[in-house]
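Before any comments, here is the structure.
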Amino acid sequence: MAEETRSVMDVVRAFSEGGSPLDFMAIIDNFDRFLMGAWVTLELTFLALLLGGMLSIPLAIARAYRYPLLNGPIWCYTYFFRGTPLLVQTYLIYYGLAQFDFIRESALWKPILSQAWWCALIAFTLNTAAYTSEFLRGAIEATPHGEVEAAKASGMSYWTRMRRVILPNSFRRALPAYSNEVIFMLHGSVVASTITLQDILGVGRWLNGRYYLAYEGFVAAMILYMVLVFGISRVFKWWEHRWLAHLRPRVEAKGATAAAVQ
3 MAEETRSVMD VVRAFSEGGS PLDFMAIIDN FDRFLMGAWV TLELTFLALL
53 LGGMLSIPLA IARAYRYPLL NGPIWCYTYF FRGTPLLVQT YLIYYGLAQF
103 DFIRESALWK PILSQAWWCA LIAFTLNTAA YTSEFLRGAI EATPHGEVEA
153 AKASGMSYWT RMRRVILPNS FRRALPAYSN EVIFMLHGSV VASTITLQDI
203 LGVGRWLNGR YYLAYEGFVA AMILYMVLVF GISRVFKWWE HRWLAHLRPR
253 VEAKGATAAA VQ
């Protein structure tokens, strides 16, 4: 088995060095770095989605019910983060905050605000919270009036209705849109490589610079992102099939359809 493994690697190496337009061996020899980069990407993405999702729930409720003191500031927040590129937002937090003396002298500077990882997480969290709160707001507003009236008739309080009827149904209806947000957030995480973090794209750029390659690192990064997106898509497909089954039209049996036609 060892001889077969060595022979296969020898063939791959010979093909990579001789007849291939890509240097496969450079990618294989540094694949552990790509795995570490994938971990950084997934860690940042899903922590941002978790924190942003928690932040978006009260923001969406305040926007959906037009609370006077909160609706305006929340609208400005969501408009800013949805109307400006994630790259600019990350630069403002990572480079911009350092321009203020009171921030550099604060207790948060050394452990958090001077660290690229934390700055990227803050930017990603605020960005995804703005997007999530808006389509969750739409899902709350689209809750059927009859369901709310039935909850009131059952004697549920406002927060009980919100916890047991409105929010669960809104989460289900927002699931297809949220799957796109997860994928967009994964793609947007490439911004982390511009502030010295070694995510998937950062490792690809390092590989190209280390071995003076043109696009091998980018091709490897592209394939890893495609694999991650495929996995995320399948998970959300399964969730939609399970939690949105009641929204799919029922398919009648052929016999019943034929009888109805007759």
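According to this note's numbering, the sequence shown is numbered sequentially starting from 3.
Backbone N, C-alpha and C fix where the C-beta goes; we use that ideal spot for every residue, glycine too.
Using 8 Å as the threshold, is the C-beta distance between residue i and residue j below it?
i	j	result
Arg65	Ser135	yes
Ile29	Ala222	yes
Leu199	Ala118	yes
Leu46	Leu123	yes
Ile142	Ala62	yes
Leu226	Ile202	yes
Ala144	Arg175	yes
Gly219	Leu209	yes
Val193	Thr92	yes
Cys121	Ile95	yes
Gly98	Gly204	no
Thr127	Leu37	no
Here's the rule I'm using: 16 or more other beta-carbon atoms within 10 Å means buried, otherwise exposed. How should residue i be labelled?
i	result
Thr139	The question names Thr, yet the displayed sequence has Arg at residue 139. Buried is the call here.
Gln101	exposed
Ala233	Per the sequence shown, the amino acid found at residue 233 is Gly instead of Ala. By the 10 Å Cβ count, Gly233 comes out exposed.
Ala183	The amino acid at residue 183 is misidentified as Ala; the sequence shows Glu. Buried, by the Cβ-count rule.
Thr80	buried
Ala255	Low confidence applies here, because Ala255 scores a pLDDT of 44, under 50, leaving its location unreliable; read the following figure in that light. When all chains shown are included, Ala255 counts as exposed.
Tyr214	exposed
Ser195	buried
Thr162	exposed
Arg244	exposed
Val90	exposed
Arg35	buried
Met164	buried
Leu246	exposed
Met3	Residue confidence is low: Met3 scores 46 on pLDDT, short of 50, so the model does not pin down where it sits. Its coordinate-derived value is still stated next. So Met3 counts as exposed.
I'd like to know whether the C-beta of residue i is nearer than 8 Å to at least one C-beta of chain D.
i	result
Tyr133	This model lacks chain D altogether, as it is built from one protein chain only.
Segment contact, 8 Å Cβ cut-off, at least three pairs: the segment 164-171 with the segment 185-203: no
Contact the segment 44-63 vs the segment 130-149: 3+ CB pairs below 8 Å: yes
In chain order, each alpha helix (DSSP H) run of at least 4 residues that lies wholly inside the segment 155-236: 160-163, 169-190 and 202-213
Segment contact, 8 Å Cβ cut-off, at least three pairs: the segment 60-79 with the segment 150-163: no
Three-pair Cβ contact test at 8 Å for the segment 84-93 versus the segment 154-167: no
Every unbroken beta strand (DSSP E) inside the segment 26-67 [3 residues or more]: none
Unbroken stretches of the alpha helix (DSSP H), 4 residues or longer, contained in the segment 100-156: 103-106, 118-143 and 147-155
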